[in-house]
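Structure first, then comments.
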Amino acid sequence: MAEQVLHLRSDAQDNRDRILAAGRELFAERGLDVTMREVARRAGVGPATLYRRFPARQSLLDAVFADELRVCRGIVEEGRADPDPWRGFTSVVERISVLNVGNQGFVDAFMAESPGSDSFAEHRAALLPRLADLARRAQEAGRLRADFVLDDLVIVLLAGRGLAASRSAGSVAVARRFAALAIEAFRASDTNLPLPQGTAVAARLVRSDRQRAGGSSHAPRPSPRRGREDRRG
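Heads up: the sequence shown is residues 1 to 233, going by the UniProt record's numbering.
Below is the structure:
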């Protein structure tokens with residue numbers, strides 16, 4: 001009996017591992033436009049098995065991107081700990097650009113404003129103010145251009161999705177070059193030209209997070225089409 005229980009537990013863990021591996025591959029390749037059915041098919045399990053392990057799509061996303069979130073937090077904290085705020089800031093830009101290029105879905109999940117993305121909103125609510133503080137210190141040191149706003153970094157992160165989608169063999173090198181170009185644009189210089197008026201992407205995300213944290217007990221339902229699509233099969 002004990003051996004049978006252990007065997008069942010081993011099978012359950014194996015299924016979970018295969019589901020996570022399939023989810024990582026698909027979300028990295030195609031972003032978040034992947035159905036639960038496709039994940040189950042890639043993992044070689046039935047939809048019922050997938051939903052036993054991960055009853056909701058968000059629980060799968062949380063597990064799939066757990067490592068990326070830990071790495072992202074570490075990158076930001078190491079940047080903030082650098083005694084040279086400009087060096088810390090530029091390291092964050094480069095390292096996060098490299099992190100994102102390997103996973104098309106991570107930026108989409110991290111920046112999602114959907115009601116189901118509470119866990120990512122919590123991480124975002126913690127990280128964005130830390131990034132803003134690091135940028136402020138780099139500006140006070142005279143190294144980061146005075147008209148930089150957090151939206152500019154968010155734009156770089158969003159633009160990185162295109163690099164992730166390309167899936168080229170030299171994508172890491174391309175990400176580093178892209179980051180270097182962004183860093184040069186961020187650098188304070190007597191030749192800096194005024195930037196156009198930006199959009200409040202970061203402010204909107206923070207506002208959305210605060211509203212979510214304030215507690216709405218009636219979150220909008222997910223798209224019926226997505227729900228039917230995910231549970232087919």
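No residue lacks a Cβ here, since even glycine has one placed at the ideal position from N, Cα and C.
A quick note: this is a predicted structure, and the numbers were derived from the prediction, not measured.
CA nearest to the CA of residue i, picked from the options
| i | options | result |
| --- | --- | --- |
| Ile-183 | Leu-195, Ser-91 and Phe-110 | Ser-91 |
| Gly-102 | Glu-29, Leu-193, Ala-180 and Leu-61 | Glu-29 |
| Arg-24 | Val-98, Ala-12 and Glu-38 | Glu-38 |
| Asp-33 | Leu-153, Phe-178, Ala-112 and Arg-87 | Ala-112 |
| Phe-27 | Leu-134, Phe-65 and Ala-141 | Phe-65 |
| Ala-40 | Leu-193, Arg-16 and Glu-94 | Arg-16 |
| Glu-140 | Ala-12, Arg-187 and Thr-191 | Arg-187 |
| Arg-161 | Leu-134, Thr-49 and Ser-97 | Ser-97 |
| Val-149 | Ala-175, Gln-197 and Phe-178 | Gln-197 |
| Ala-135 | Val-93, Val-71, Pro-194 and His-123 | Val-93 |
| Ala-179 | Arg-57, Asp-133 and Asn-100 | Asn-100 |
| Arg-80 | Asp-11, Ile-155 and Ala-132 | Ala-132 |
| Leu-61 | Gly-31, Arg-9 and Arg-87 | Gly-31 |
Inter-residue Cα distance where the pair is residue i and residue j
| i | j | result |
| --- | --- | --- |
| Arg-73 | Gly-46 | 34 Å |
| Leu-20 | Ala-63 | 7 Å |
| Glu-229 | Thr-35 | Model confidence at Glu-229 stands at a pLDDT of 42, short of 50, so the residue's coordinates are unreliable; what they give is reported in the following sentence. Cα to Cα, Glu-229 sits roughly 7 Å from Thr-35. |
| Phe-54 | Leu-157 | 28 Å |
| Phe-120 | Phe-110 | 6 Å |
| Asp-151 | Phe-106 | 18 Å |
| Ala-48 | Phe-89 | 45 Å |
| Ala-138 | Gln-13 | 46 Å |
| Arg-18 | Gly-44 | 8 Å |
| Phe-185 | Ala-22 | For the sequence presented, residue 185 should be read as Ala rather than Phe. Between Ala-185 and Ala-22, the C-alpha separation is close to 38 Å. |
| Asp-108 | Pro-85 | 28 Å |
| Leu-144 | Ala-175 | 21 Å |
| Leu-153 | Leu-163 | 16 Å |
| Leu-195 | Asp-147 | 7 Å |
| Asp-209 | Val-71 | Confidence at Asp-209 is low in this model, with a pLDDT of 46, below 50, so the placement of that residue should be treated as unreliable; the coordinate-derived value is given next. If you take the alpha carbons of Asp-209 and Val-71, they lie about 21 Å apart. |
| Thr-191 | Gly-142 | 14 Å |
| Ser-189 | Arg-42 | 50 Å |
| Val-172 | Glu-68 | 16 Å |
| Met-1 | Asp-11 | Model confidence at Met-1 stands at a pLDDT of 45, short of 50, so the residue's coordinates are unreliable and nothing is read from them. |
| Glu-122 | Arg-177 | 30 Å |
| Leu-193 | Gln-104 | 32 Å |
| Ala-56 | Arg-9 | 21 Å |
| Arg-212 | Arg-95 | The predicted model places Arg-212 with a pLDDT of 47, which falls under 50 and marks its position as unreliable, so this point remains unresolved. |
| Gln-58 | Ala-159 | 24 Å |
| residue 240 | Tyr-51 | For the chain, the structure presents residues 1 to 233; residue 240 sits outside this window and is missing. |
| Ile-155 | Arg-87 | 20 Å |
| Asp-82 | Leu-181 | 22 Å |
Per DSSP, cross-strand counterpart(s) of residue i
| i | result |
| --- | --- |
| Leu-144 | Arg-187 |
Contact test: residue i Cβ vs the ligand NAP heavy atom, cutoff 8 Å
| i | result |
| --- | --- |
| Phe-110 | Ligands are entirely absent from the displayed structure, and the ligand NAP is therefore not among its contents. |
CB contact check: residue i to chain D, cutoff 9 Å
| i | result |
| --- | --- |
| Leu-99 | The chain inventory of the structure shown lacks chain D, comprising one protein chain alone. |
**Asked** Between the stretch 127-141 and the stretch 68-83, do at least 3 Cβ pairs fall closer than 8 Å?
**Response** yes
**Request:** Only counting runs of 4 or more residues, tell me where the alpha helix (DSSP H) segments fall wholly within the UniProt DNA-binding region "H-T-H motif" (35-54), in order along the chain.
**Result:** 36-43 and 47-53
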